[in-house]
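Numbering (the numbering used here), first residue to last: 214 to 304. See structure below.
In structure tokens:
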């Protein structure tokens with residue numbers, strides 16, 4: 214991912230539920246900064262603000278794959294975006 218921007222993708226799981234995954238730039242964001250952002254989103258959500266909070270997996274919102282840090286969010290809205298299934302995403 215040689216880019217100045219974070220990468221954000223929407224996908225469907227096997228049950229056809231929509232999710233959004235956001236891959237952070239490895240040279241710009243560290244785990245502490247990302248967790249601070251997530252904590253703010255979670256506290257805003259708990260306060261009743263209209264915020265889409267990251268999902269928890271094994272008690273954490275910041276996940277890692279081959280040094281890429283990312284969260285997963287539930288996808289909301291009407292779904293008019295181009296969807297990527299779990300199967301086509303693995304290419």
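Quick reminder that beta carbons are idealized off the backbone N, C-alpha and C, glycines included.
Taking all protein chains shown into account, do 16 or more other C-beta atoms lie within 10 angstroms of the C-beta of residue 283, making it buried, or fewer, making it exposed?
buried
Does DSSP classify residue 253 as helix, strand or coil?
helix
Measure the alpha-carbon distance for residue 250 versus residue 267 and round it to whole angstroms.
10 Å
Count the other CB atoms within 10 Å of the CB of residue 240; is the residue buried (16 or more) or exposed (fewer)?
exposed
Tell me whether the segment 275 to 282 and the segment 233 to 247 touch, counting them as touching only if at least three CB pairs, one residue from each stretch, are closer than 8 Å.
yes
What are the boundary residues of the beta strand (DSSP E) that residue 283 is part of?
281 to 283
Straight-line Cα distance separating residue 258 from residue 264:
5 Å
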